[in-house]
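Structure, as structure tokens:
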Amino acid sequence: MIVSKCVFYFFKIFGLATMRLDENETVRDSWCSGSKKGQVYNAILTCSIIASNCYVARLVYKENLSHREFEKTFDVVQYVYTTVTVAVILTVFCFCQGRAVLIANNLRKTYVLVENINSQMSKKEEDPVISGLKRIWITSTVIWISVVFTTSKLQFAVVMYYMTVYPCILIVNCAFLQYTIILHLLKQLFTILNANFLYVSTRQSVVTRKVEAAHSSFQAAEQSSQQFSDLRRLYMLLCDLSMDVSKFYHLIMLFCVTYVFSTLTMWLYYITAPLVTGTTPSKLQYIHSLMIVTYHIFMLIILTKSVDAVVQENKRTGEITNGWLANLQNQQLINELNLFSNYLLHKNVSFTAYGLFSLDESLLMSITGSITTYLVILLQFQ
């Protein structure tokens, strides 16, 4: 609980948790509740970022920090889009607080229900999930420190630029991290449910063979049917929760992914342009560019891998169900499994940005191809 509170207040600082925690832990259905103070904080943070970034955008354009007019325009446009992305993130969490509270409470309730079912996976899967999130957190922190310490050119305009753009990058990164944490939790819950589906199906096959010899299959069938019904209800609840999460982050991920795409294109351009023009940038500046590229690629990778892990674990339920059907002889349970199998065919758990593109690992290849194309076009201006 202490770790959860620390993570919650960390996101609250960056405007990604406008709700408040209920201290009464006995209330299972109301872990979080709305907070006007959180909304006011986000509104003030949004206005402050927009005001300061508008001033710095004009300053950067006037100071001629880039050697070419094209590069100067490119920098300012990217800077403005970064500001817009952050404003959208903070606005969504401000005005959609009710949906965020509902998702947080449902996630907590589902987590408690799934952990209470009979499965050894409830204990075994906890440590790998936490350790995986720790690795993500440590890696992103190390890369971010490298980005900050390799910052060069200490002119006033550059200092102002980095002082305003770094908080924006952190907010975008926090959006990726928050989504990744939720996806890891969903994956863990699907894993626990699948372990229980597999356990019940295996146990039913063994029991069926034993009970057939004793001619008393009714009680065993009733027990398996009840266990399956409980697991099915939890699975359907988890699928609905996954879709609610996907819908809440639709707009946020649309802006975040396009921000990462434009940022990678810009910094890869600055890395490859000297190779075309024959100029030699400073080593510190070159390392700084590489660190920023690495940082944004890492954010994209943890998102796509987390999405892919949830989707694959969700699909595994269908494989377990089909294997269970192949070994069953009880007609009542067969009918229930057939209905559930039909539900699985029509219930597609996916995570997209308004359906425009999927957030799984296929996104990496799409972005790689698009960046390569735009880099070739941009390098023609040299």
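Numbering (numbering that gives the first Met the number 0), first residue to last: 0 to 381.
Glycine included, every Cβ here is placed at the ideal spot set by N, Cα and C.
Check each candidate in the options and name the one with the smallest Cα separation from residue i.
{"i": "Phe227", "options": "Tyr198, Cys238, Asp243", "result": "Tyr198"}
{"i": "Cys31", "options": "Leu336, Arg134, Lys4, Thr271", "result": "Lys4"}
{"i": "Val59", "options": "Tyr161, Tyr353, Ile48, Arg134", "result": "Tyr161"}
{"i": "Trp136", "options": "Asp229, Phe175, Val111, Asn321", "result": "Phe175"}
{"i": "Gln284", "options": "Thr149, Asn193, Leu377, Leu374", "result": "Thr149"}
{"i": "Ile12", "options": "Phe356, Asn41, Gln187, Val100", "result": "Asn41"}
{"i": "Leu230", "options": "Arg202, Phe247, Lys246, Asn195", "result": "Asn195"}
{"i": "Gln187", "options": "Asn329, Gln311, Glu360", "result": "Gln311"}
{"i": "Gly354", "options": "Lys61, Ile333, Lys246, Leu332", "result": "Lys246"}
{"i": "Thr138", "options": "Asn172, Glu70, Phe9", "result": "Asn172"}
{"i": "Asp243", "options": "Pro166, Gly97, Leu20, Gly33", "result": "Gly97"}
{"i": "Asn115", "options": "Phe260, Ile191, Leu344, Leu378", "result": "Ile191"}
{"i": "Ser34", "options": "Thr82, Phe73, Val100", "result": "Val100"}
{"i": "Ala157", "options": "Gln330, Ser145, Asn52", "result": "Contrary to the premise, residue 157 reads as Val rather than Ala in this sequence. The candidate whose alpha carbon is nearest that of Val157 is Asn52."}
{"i": "Ile49", "options": "Ile144, Cys167, Phe350", "result": "Cys167"}
{"i": "Val113", "options": "Ser261, Arg67, Tyr54, Leu237", "result": "Leu237"}
{"i": "Arg232", "options": "Leu343, Thr372, Glu68, Tyr54", "result": "Leu343"}
{"i": "Val91", "options": "Thr81, Thr45, Lys61", "result": "Thr45"}
{"i": "Ile144", "options": "Ile129, Met159, Tyr165", "result": "Tyr165"}
{"i": "Val2", "options": "Lys71, Lys133, Lys346, Asn341", "result": "Lys133"}
{"i": "Leu263", "options": "Tyr234, Leu377, Asn341, Val111", "result": "Leu377"}
{"i": "Ser261", "options": "Thr278, Thr82, Cys95", "result": "Thr82"}
{"i": "Leu339", "options": "Lys71, Tyr234, Val6, Met265", "result": "Note on residue identity: the sequence assigns Phe, not Leu, to residue 339. Checking every option, the nearest Cα to that of Phe339 belongs to Tyr234."}
{"i": "Gly14", "options": "Gly277, Cys95, Lys346", "result": "Cys95"}
I'd like the list of long-range same chain contacts for residue i, defined as Cβ closer than 7 Å, with 5 residues on each side in sequence excluded.
{"i": "Asn313", "result": "Phe189, Val348"}
{"i": "Leu267", "result": "Val292, Ile370, Leu374"}
{"i": "Ala352", "result": "His249, Met252, Leu253, Val256, Leu358"}
{"i": "Tyr269", "result": "Ser288"}
{"i": "Ala56", "result": "Val75, Tyr78, Val79"}
{"i": "Thr303", "result": "Leu358, Asp359, Glu360, Leu362, Leu363"}
{"i": "Phe356", "result": "Leu362, Ser365"}
Could you name the residues that DSSP lists as bridge partners for residue i?
{"i": "Ser357", "result": "Thr351"}
{"i": "Leu20", "result": "Cys31"}
So, under 8 Å CB-CB, residue i and residue j are touching, yes? Tell me the CB distance rounded to an integer number of Å.
{"i": "Leu106", "j": "Leu240", "result": "6 Å"}
{"i": "Gly322", "j": "Ser224", "result": "That belief does not hold up - the Cβ atoms of Gly322 and Ser224 are roughly 18 Å apart, past 8 Å."}
{"i": "Thr17", "j": "Cys93", "result": "6 Å"}
{"i": "Tyr294", "j": "Val146", "result": "6 Å"}
{"i": "Ile142", "j": "Met290", "result": "6 Å"}
{"i": "Phe380", "j": "Phe10", "result": "In fact, because the Cβ distance is near 40 Å, the residues do not count as touching under 8 Å."}
Leaving aside the five residues before and after residue i along the sequence, list all residues of the same chain whose C-beta is less than 6 Å from its C-beta, in chain order.
{"i": "Leu324", "result": "Leu336"}
{"i": "Thr271", "result": "none"}
{"i": "Ala103", "result": "Cys31"}
{"i": "Pro280", "result": "Pro273"}
{"i": "Cys308", "result": "In the sequence on display, residue 308 carries Ala and not Cys. Closer than 6 Å at Cβ, skipping near neighbours: Lys186."}
{"i": "Ile286", "result": "Thr149"}
{"i": "Met265", "result": "Gln77"}
Apart from the five residues just before and just after residue i, which ones in its own chain have a Cβ nearer than 8 Å to its Cβ?
{"i": "Ser305", "result": "Tyr178, Thr179, Leu182, His183, Lys186"}
{"i": "Asp21", "result": "Ser29, Trp30, Cys31, Ser32"}
{"i": "Gly131", "result": "His183"}
_Cβ pair count under 8 Å reaching 3, the stretch 315–323 against the stretch 166–184_ = no
| With contact counted as at least three CB pairs below 8 Å, one residue from each stretch, are the stretch 297–308 and the stretch 355–375 in contact? | yes
**Q.** At least 3 beta-carbon pairs within less than 8 Å: the stretch 73–87 vs the stretch 253–271
**A.** yes
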